[in-house]
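Asker: The structure that follows is given in the form of structure tokens.
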Amino acid sequence: MIRAMSTQSSSPALTADDHLILVDGSTFIFRAYHALPPLTRKPDGLPVGAVSGFCNMLWKLLQEGLTPEEGDEPTHFAVIFDHSAQTFRNEIYPEYKAHRPEPPEDLVPQFGLIREATRAFSVHCIEQAGFEADDLIATYARQAAEQGAQVTIVSGDKDLMQLIGPKVGMIDTMKNKIFGETEVFEKFGVGPDKVIEVQSLAGDSVDNVPGVPGIGLKTAALLINEFGDLETLLSQADTIKQKKRRENLIEFADQARVSKELVTLKQDVPVETPVGNLSVTDMDGPKAVGFLKAMGFNTLTKRVAETTGADIANVEASEFEVPGWDVPDHKGRMAERVETSSGAATSDGTPGVEGMMVPQTVADARAESVKAIAIDSSAYETVTSVDRLKEWCEAAFEKGYVAFDTETTSLNAMQADLVGLSLSTEPGKACYVPLAHVDGEGDLLGGGGLLPDQIPLQDALDVLKPMLEDASVLKIAQNLKYDWLVMTRYGVDIGPFDDTMLLSYTVDAGKGGNGMDELSDRWLDHKPIPFKEVCGSGKSMITFDKVAIDKATAYAAEDADVTLRLWMVLKPRLVSDRMATVYETLERPMVPVLARMEKRGISVDRQMLSRLSGDFAQGMAAQESEIYELAGETFNIGSPKQLGDILFGKMGLPGGKKTKTGAWSTSAQVLEDLAAEGHELPSKIVAWRQLSKLKSTYSDALPGYINPETKRVHTSYALASTTTGRLSSSEPNLQNIPVRTEAGRKIRQAFVSEAGHKLVSADYSQIELRVLAHIADIPQLKKAFEDGLDIHAMTASEMFGTPIEGMDPMVRRQAKAINFGIIYGISAFGLANQLGISRGEAGDYIKTYFERFPGIKDYMEATKKKVHADGFVSTIFGRKAHYPEVNTKNPNMRAFYERAAINAPIQGSAADILRRAMVRMEDRLNSAKLDAQMLLQVHDELIFEVPDAQVDETIPVIKDVMENACDPALTLSIPLQVDARAADNWDDAH
DNA sequence: ACGGCCACTTA
DNA sequence: GTAAGTGGCCGTC
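Next comes the structure, spelled out in structure tokens:
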């Protein structure tokens, strides 16, 4: 039942019985935009997230009023908007709000829609040229209060707090917070009547109100409480004891006066609509329903229809134009059109000449506006007081987002100590908070004492932690996994967040690197200060804590500034390129998952590795003496050049392949061919090299990665380093631990579980071939997987007509090589090499294969066609892999990119599936009350550490998550199969 | 000290 | 034939 709304005739005067509600539309729009997940209208991708938030808020307000109590229903109601950026304040102070970036591109079309929404709900929609919404609110509030009516301002904007009084209240419906004198006092340290005095001293970084340097909210309140008001303070400034404060108050007195004008809301705007005309009117049900229907807000449409009695079926969705939004289905593809215009996209991802002729992409437009504000690394603030740090956090809360970066003593996050951190809330405005800088000069004299003017670490963390963990502030970082790992060691659990590296990777994988310096150059035409310019490089490199604080500020704050700008440029591309789901399901949630895996690490048996190194050395020594004897001299076996001279020069053996540089190749393949001809030396070289590799890369190197504190090895996973969506692992790479040879498996045996635990390895069986069967839709392959057959034997049987039972292993081996070849984008050349057959024979095999499985050929041709036309290919979950140079004229390169493009959807889809499993795994284990810990990922395998007693219970859960990882987004036409085993070491579990 | 090349390891 | 990372050698700076 709709609340009684009097349609009283507009009267110029209000009475004590009246209640005026003034909704601050502008700040609400921004809050709704940032607080709510992005939402787009179904048919055309029109962004409507903020509109939805606004409508829900307005409806709730109209339905329920401000509080559950009766009697405060409004008699007058209006939503007030800002009209334009330029106001009388810019005449007083041109820099006012100058640092404010352009609104996000996907918010722009929503401004008009929200005004439409207001009118659709039959609510007065007020705006006036030359005045901010705040001034209109101030004027209406004063007029209504003077006439004795009650006024409630709906806003979270602190600038409106100066209006609070006996008749004027303020409420923040989004945070469900009522602002009274107490809250004002908490915020400003003074009552509402003195708020402007305090603001004019403290200034406002968000609106770029200058204030007086060195005076923050705390000091300002102190001074105003002592002197009463700004003018009294300024006239008696010479009596202030603190030298710097006194000087600043005298020097910047006029700046304070200008600030006061800026923050004082104008209460005498010649309003075009008199306050008496703002009376509440009955809602026009069909009108509201028509609008909501057009927006596609099904739930709210239904609710409003029920309440107003409008008949949904009989109401047409209203029609209106959205400036800046083209014909449906056009806009969403603009970004791709830039790419598809042949030759338009250059390798660095920027549109070429033709790109200028099509509508600019959202990101391009945003890049232009972000670039317009200069990057000046000398203009950043060094935060040295807790008060200033609090103000920066306040700014982050105000904005709802903040760019964030840590500076540490090491590139290795697991052993990096925090040195400082930087924040940025708007382009051009960033700060650095030094925390642990030491004297860099005196290290020879045993110096290294903590430098002065740094906030004690714990004090800073106490201020930062609530903000970094608050759900209403989006933390923006470049490669957040690093900062997450650092901060977690200081007890801070960062969230929610965006990662600019992952944003770039999501939309541009394959177009180039995703490092900050490269992205900055690509999108902002700006080269940030290189790290080596601050810390040096190589042997003379210093740790960041030894860097002078002013230099550190320039470098670190610039990183935060650049990160924020990159976010502003890249985030809209999720919408324009329709990649939001990929980012939100396959990229962003991987950050905490991988961070926890890295943090856990895995245990390796140091003594076992040490023994192995000894064994390998012995084996190598035995080979060495025989090699020298056969060669007739000693030489460096590890030098391909010297080895080539011996083999192909001195000994006169026939050379096989040549390397890229023209030298005779000494690859294992060549040496094995020579061995097959009866030569003794080459096979010994091969054996020596294998031992040498095992020793240097694994048994010698791995112990050096054991973290002294945790006694475990912590690899680092790169989320954004492959074109296909696979992860990579480094320092150490735990994705290439030997498994093929007996000697190699000894290394794997050194990866062990803790006492009382087992290692569980769970791997997908033939996941890439299964994905291929699904994508290319091959009936025989799908049937074979459904029936659980030996896929390679089935392939051989299909190709050569031999029965599966009693099949020659060599025939199966050939079919297996062909299956793998298909995944790799097969060529006769490659297959011939792999199988040691002629190019002609290999070509015949491929021909036969294509005849038996014509769908494979179709898939390959379609993929090649697509990559040439679009410059990218996609996985089954929509991840893109770009090949910007696929149209090169060099036939070899062209074929190479084509093979890569054929492989990418297969490899990438498998990678997506495992990512989905990983994102869900921890929750599923937790809710099953299992203590299994996910430790490693190796492309088709996950390794867990599981308490002995829980192994049997855990394995089915792991298998279930992995085998059903595609649900509910997608149903594969083949089953996924996971094999899992438990053992005390990785080799036995595998 | 750095980077390219070659070799070897994995999925 | 796809996708990665690391270590030793060796020429260049």
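Its first residue numbered 33, the first sequence is counted upward by one per residue in our numbering. All C-beta atoms in this analysis are idealised placements derived from N, C-alpha and C, irrespective of residue type, glycine included.
1) Can you say whether residue 482 is buried or exposed, counting buried as having 16 or more other CB atoms within 10 angstroms of its CB?
2) Counting along the chain, where does the beta strand (DSSP E) carrying residue 463 start and finish?
3) Would residue 234 pass as a contact of residue 243 if the rule is Cβ separation under 8 Å?
4) Do the stretch 487-497 and the stretch 574-588 make contact, defined as three or more Cβ pairs closer than 8 Å?
5) By alpha-carbon positions, which one of 850, 717, 881 ends up nearest to residue 653?
6) Thinking C-alpha only, which one of 609, 625, 1004 is nearest residue 805?
7) Assign residue 529 to one of three DSSP states: helix, strand, or coil.
8) So, residue 755 versus residue 901, is the Cβ gap smaller than 8 Å?
9) With distances taken between CB atoms, is the gap from residue 85 to residue 64 smaller than 8 Å?
10) Compute the distance between the beta-carbons of residue 344 and residue 331, then report whether it is under 8 Å.
11) Count the other C-beta atoms from every protein chain shown that fall within 10 angstroms of the C-beta of residue 896, then say buried if there are 16 or more, exposed otherwise.
12) Rounded to the nearest angstrom, how far is the Cβ of residue 517 from that of residue 445, given a contact under 8 Å?
13) For residue 1017, which beta-bridge partners are listed by DSSP?
14) Consult DSSP for residue 407 and reduce its assignment to one of helix, strand or coil.
15) Is it true that the stretch 820-840 meets the stretch 880-892, where meeting means three or more beta-carbon pairs spaced less than 8 Å apart?
16) Rounded to a whole number of angstroms, what is the C-alpha to C-alpha distance between residue 374 and residue 921?
17) Is it buried or exposed, residue 148, if we count other Cβ atoms within 10 angstroms and call 16 or more buried?
18) Out of 780, 646, 254, point me to the one whose CA is closest to residue 1021's CA.
19) Is the CB-CB distance between residue 525 and residue 501 below 8 Å?
20) Could you give the first and the last residue of the continuous beta strand (DSSP E) run that contains residue 439?
21) Consult DSSP for residue 519 and reduce its assignment to one of helix, strand or coil.
22) Within 10 angstroms of its Cβ, does residue 894 collect 16 or more other Cβ (buried), or is it exposed?
23) So does the stretch 206-221 actually touch the stretch 264-278, counting three or more Cβ pairs closer than 8 Å?
24) Taking the DSSP output, what are the residues bridged to residue 455?
25) Can you look up residue 79 in the DSSP assignment and give me helix, strand or coil?
26) Taking DSSP's pairing of strands, which residues face residue 976 in a bridge?
27) Curious, which full-length alpha helix (DSSP H) runs of at least 4 residues does the stretch 866-941 contain?
28) Please return the same chain residues whose Cβ sits closer than 6 Å to the Cβ of residue 328, not counting the five positions on each side in sequence.
29) State the CB to CB distance for the pair residue 266 and residue 288, rounded to an integer number of angstroms; the pair is presumed to be in contact (CB under 8 Å).
30) Taking three-plus beta-carbon pairs below 8 Å as touching, is the stretch 791-805 in contact with the stretch 937-945?
31) Taking just the CA atoms, how far does residue 1000 sit from residue 985?
32) Counting only the same chain and skipping the five closest in sequence on each side, list residues whose C-beta sits under 6 Å from that of residue 319.
33) Under the assumption that residue 176 contacts residue 52 (Cβ atoms under 8 Å), give the Cβ distance between them as a whole number of angstroms.
34) Pull up the distance between the alpha-carbon of residue 680 and that of residue 687, whole angstroms please.
35) Taking the beta carbon of residue 731 as the centre, do at least 16 other beta carbons fall within 10 Å, making it buried, or is it exposed?
36) Is the beta carbon of residue 655 less than 8 Å from the beta carbon of residue 599?
Answerer: If we stick to the structure as given:
1) exposed
2) 461-466
3) yes
4) No, they do not touch.
5) The shortest C-alpha separation from residue 653 is found at 717.
6) 1004
7) strand
8) no
9) It is a contact, given that the beta carbons lie within the stated cut-off.
10) No.
11) buried
12) 4 Å
13) 784
14) coil
15) yes
16) Unreliable placement is indicated for residue 374, whose pLDDT of 34 sits below 50; no coordinate value is reported for it.
17) buried
18) 780
19) Contact: yes.
20) 433-440
21) helix
22) exposed
23) no
24) 436, 463
25) strand
26) 792, 966
27) 871-884, 886-902
28) 73, 74
29) 7 Å
30) yes
31) Computed Cα separation, rounded: 24 Å.
32) 152
33) Yes, residue 176 and residue 52 are in contact; Cβ-Cβ is about 4 Å, under 8 Å.
34) 6 Å
35) buried
36) Pairing residue 655 with residue 599 gives a Cβ-Cβ distance that is not under 8 Å.
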